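K.L.:
Going by the numbering used here, the sequence shown opens with residue -15, and the numbers climb by one from there.
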Amino acid sequence: MVKPLCKEQMIPTVNGSFPGPTINVREGDTLVVHVINNSTYNVTIHWHGVFQLKSVWMDGANMITQCPIQPSNNFTYQFDITGQEGTLLWHAHVVNLRATLHGALVIRPRSGRPYPFPKPYKEVPIIFHVRLLELRPAPVSDAYLINGLAGDSYPCSQNRMFNLKVVQGKTYLLRIINAALNTHLFFKIANHNVTVVAVDAVYTTPYLTDVMILTPGQTVDALLTADQPIGMYYMATIPYFSAIGIPASPDTKPTRGLIVYEGATSSLPAKPLMPAANDIATAHRFSSNITSLVGGPHWTPVPCHVDEKMFITMGLGLDPCPSETKCIGPLDQRLAGSLNNRTFMIPERISMQEAYFYNITGVYAGDFPDQPPVKFDYTKFEQRTNSDFKMMFPERKTSVKTVRFNSTVEIVLQNTGIVTRESHPMHLHGFNFYVLGYGFGNYDPIRDARKLNLLNPQMHNTVGVPPGGWVVLRFIANNPGVWLFHCHMDAHLPLGIMMAFIVQNGPTPETSLPSPPSNLPQCTRDPTIYDS
Ligand code: C2O
-15 MVKPLCKEQM IPTVNGSFPG PTINVREGDT LVVHVINNST YNVTIHWHGV FQLKSVWMDG
45 ANMITQCPIQ PSNNFTYQFD ITGQEGTLLW HAHVVNLRAT LHGALVIRPR SGRPYPFPKP
105 YKEVPIIFHV RLLELRPAPV SDAYLINGLA GDSYPCSQNR MFNLKVVQGK TYLLRIINAA
165 LNTHLFFKIA NHNVTVVAVD AVYTTPYLTD VMILTPGQTV DALLTADQPI GMYYMATIPY
225 FSAIGIPASP DTKPTRGLIV YEGATSSLPA KPLMPAANDI ATAHRFSSNI TSLVGGPHWT
285 PVPCHVDEKM FITMGLGLDP CPSETKCIGP LDQRLAGSLN NRTFMIPERI SMQEAYFYNI
345 TGVYAGDFPD QPPVKFDYTK FEQRTNSDFK MMFPERKTSV KTVRFNSTVE IVLQNTGIVT
405 RESHPMHLHG FNFYVLGYGF GNYDPIRDAR KLNLLNPQMH NTVGVPPGGW VVLRFIANNP
465 GVWLFHCHMD AHLPLGIMMA FIVQNGPTPE TSLPSPPSNL PQCTRDPTIY DS
């Protein structure tokens, strides 16, 4: 039960807390989590951003790597955390449930190893998420929260505001997580700059900034030094709406928290000046300026040789309406998301990973295309040619792309404006990818390829593809298994902006798929993606 605004509300929780408990580990640890499902929902837990090296069965993607844990059942997740440090998150990976079932996963260096930056005085998780009014059929919320609290710009919440007490002169490591379902969020602290030192648990070149932006699923580690006069300062988060047609200031109030210096007497806190909701330039500046800390812990240079090149268009399309439902849209159609004109269908009888491991056919097809079926002016919003129109009717299919062990995969992700134009946060399970470049317009393989950063590109597990723009990613497929690649907007999951990679076994037993754990949940009941 939580009460961020004026009314009490029942929500599903982990161990009765919202956000859920922070999990603290060190790099090199084995993490063991017993999940006991006392709820009435089917559930899985995904360790967002964890490499799951040789432990694909523990990835927690519902119907991709496992069948769900059914009510009154339990399952133990156990995996090693190696080769990554920083802040990640864990969350439920059955549609919608991640609204409230999530928390911080903090990976510190092995004992005796320092951070590649001055040791902070204290570390503070800061989680952004939504206040949930309703979970089914679709989540409805009425406020953004910081660490479960709505703060003083919302009714009944004046005294329910996240409060960070600081000592003047000390430095704090903020471990910032965007666990909101569907919203990119700006974050700012009045009168203070921060130094970004990691994104998605990858160390960055220290980057001084007064504003940050996080897509759903992204994390930022930032150092905050209490270097201002003793007093009180607001921190605030506000949505970034990149879709065309969204006015500069929709009716959204910033959600505020407070930085309180030791010794401060009550006063009017300073307020940060927030960017406009459609400030694409500020969002793009922050996203594209981050670089990786070359030579830092776990850094590996960008592979120069590319084995698999893919060009993937992404966006929304329309689909003929099934007869039993009522659809709103031109020509009686419904919205469908797509990657290369494929709308991903989540299997319903058995997980893809089991189908792959046991050679069960008919669950998925290995025909995810490397190119879109037609080329057109991807970013044009209004003038649609006949060929664009074809792209408005994607094919519903469970398609995968199979790649050889240790191959380097390069993906140009091209956003489209077929129905709407907005930033999509694309998340890859099991790997970090290098983000070699971001840009606007149609990707040009000659002009734009020359400008890619192969020296110190940022690394992510989730990247926001600019509205009407593109990103270029590269990853090394060094972990066998079935790995989901999808838009991390919760509303876009059922729309099928999703595909999966199958990474084949390597030449040795150590580079091959492990056997499934003996207690892997079985799909004995109707295992639809929505629970019963
Ligand atoms: Cu954080 Cu597939 O998700």
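The beta-carbon is built from N, C-alpha and C at its ideal position, and this holds for glycine as well. Because the structure is a prediction, the values reported are computed rather than measured.
Can you find the residues in the same chain that come closer than 7 angstroms, C-beta to C-beta, to Leu37, ignoring five residues on each side of it along the sequence?
P.N.:
The residues are Asp64, Thr66, Asn463.
K.L.:
Check each residue's C-beta against every heavy atom of ligand 1 and list, in chain order, those closer than 6 angstroms.
P.N.:
His30, His32, Ala45, His75, His77, Gly201, His411, His413, Leu468, His470, His472
K.L.:
Examine the Cβ distances between the region 188 to 200 and the region 264 to 277 and report whether three or more of them are shorter than 8 angstroms.
P.N.:
yes
K.L.:
Please work out which residues of its chain come closer than 6 angstroms, Cβ to Cβ, to Ser516, disregarding the five sequence neighbours upstream and downstream, and give them in chain order.
P.N.:
Below a pLDDT of 50, predicted positions are generally treated as unreliable, and Ser516, at 36, falls in that range; the measurement from the model is reported next regardless. Taken in chain order, the list of residues that qualify is empty.
K.L.:
Can you tell me which residues form a DSSP beta bridge with His75?
P.N.:
His30, His86
K.L.:
In the structure shown, what three-state DSSP assignment does Gln506 receive?
P.N.:
coil
K.L.:
Applying the criterion that 16 or more other CB atoms from any shown protein chain within 10 Å of the CB defines a buried residue, is Met443 buried or exposed?
P.N.:
buried
K.L.:
By DSSP, does Asn437 sit in helix, in strand, or in coil?
P.N.:
coil
K.L.:
State buried or exposed for Ile430, treating a residue as buried only when at least 16 other CB atoms are found within 10 Å of its CB.
P.N.:
exposed
K.L.:
Kindly confirm or deny that the region 327 to 334 and the region 379 to 386 touch, where touching means at least three C-beta pairs closer than 8 angstroms.
P.N.:
yes
K.L.:
By DSSP, does Arg326 sit in helix, in strand, or in coil?
P.N.:
strand
K.L.:
With a Cβ-Cβ cutoff of 9 angstroms, do Ala83 and Val114 count as a contact?
P.N.:
yes
K.L.:
Can you name the start and end residues of the alpha helix (DSSP H) that Ala260 belongs to?
P.N.:
Unbroken run through Ala260: none, as it is neither H nor E.
K.L.:
Would you check if the distance between the CB atom of Ala461 and the CB atom of Phe485 is smaller than 9 angstroms?
P.N.:
yes
K.L.:
Let's test the definition: count the other Cβ atoms within 10 Å of the Cβ of Gln367 and tell me whether it reaches 16, buried, or not, exposed.
P.N.:
Here the model assigns Gln367 a pLDDT of 46, short of 50, so the residue's position is not dependable, and the following value carries that caveat. Exposed, since its Cβ has fewer than 16 Cβ neighbours within 10 Å.
K.L.:
I need the boundaries of the alpha helix (DSSP H) containing Ala127, first residue and last residue.
P.N.:
Run containing Ala127: none in the alpha helix (DSSP H); it sits in the beta strand (DSSP E), 124 to 130.
K.L.:
Which whole-angstrom value is the C-beta distance of His411 and Glu69, which I expect to be below 8 angstroms?
P.N.:
Going by Cβ atoms, the distance from His411 to Glu69 rounds to 19 angstroms, so no, they are not a contact pair.
K.L.:
With 16 as the cutoff for other CB atoms within 10 Å, does Met(-6) come out buried or exposed?
P.N.:
exposed
K.L.:
Put Gln337 into one of helix, strand or coil per three-state DSSP.
P.N.:
helix
K.L.:
Using the Cα positions of Ile334 and His30, report the straight-line distance between them to the nearest angstrom.
P.N.:
Rounded to whole angstroms, Ile334 and His30 show a C-alpha spacing of 18 angstroms.
K.L.:
Closest to Pro285 by C-alpha separation, out of Ile161, Lys(-9), Asn440, would be which residue?
P.N.:
Nearest option by C-alpha distance: Asn440.
K.L.:
Between which two residues does the beta strand (DSSP E) holding Asn80 run?
P.N.:
No beta strand (DSSP E) holds Asn80; DSSP gives it neither H nor E.
K.L.:
For a test of the three-state rule: what should DSSP assign to Asp474, helix, strand or coil?
P.N.:
helix
K.L.:
Helix, strand or coil for Phe270 per DSSP?
P.N.:
helix
K.L.:
Once the 5 residues before and after Ser251 are set aside, which same chain residues still bring their CB inside 8 angstroms of it?
P.N.:
Gly215, Met216
K.L.:
If we call anything under 9 angstroms between Cβ atoms a contact, is Leu323 one with Ile110?
P.N.:
no
K.L.:
Along the chain, where does the beta strand (DSSP E) that runs through Ile243 open and close?
P.N.:
239 to 245
K.L.:
Could you round the C-beta distance between Val358 and Ser407 to whole angstroms and report it? I think they count as a contact, below 8 angstroms.
P.N.:
Contact doesn't hold; Cβ gap of about 24 angstroms is too wide.
K.L.:
Between Leu157 and Val9, what straight-line distance do the alpha-carbon atoms span, to the nearest angstrom?
P.N.:
16 angstroms
K.L.:
Among Thr203, Pro139, Asn58, whose alpha-carbon lies nearest the alpha-carbon of Lys237?
P.N.:
Cα-wise, what sits closest to Lys237 is Pro139.
K.L.:
Taking contact to mean 3 or more Cβ pairs, one atom from each stretch, closer than 8 angstroms, check whether the region 388 to 398 and the region 239 to 251 are in contact.
P.N.:
no
K.L.:
For the beta strand (DSSP E) that Arg431 lies in, which residues bound it at each end?
P.N.:
From DSSP, Arg431 is part of no beta strand (DSSP E); its letter is neither H nor E.
K.L.:
Out of Ser499, Thr492, Trp467, which one is the CA nearest neighbour of Asn46?
P.N.:
Trp467
K.L.:
Does DSSP classify Trp41 as helix, strand or coil?
P.N.:
helix
K.L.:
Please state whether the Cβ-Cβ distance between Ala182 and Asp205 is less than 9 angstroms.
P.N.:
yes
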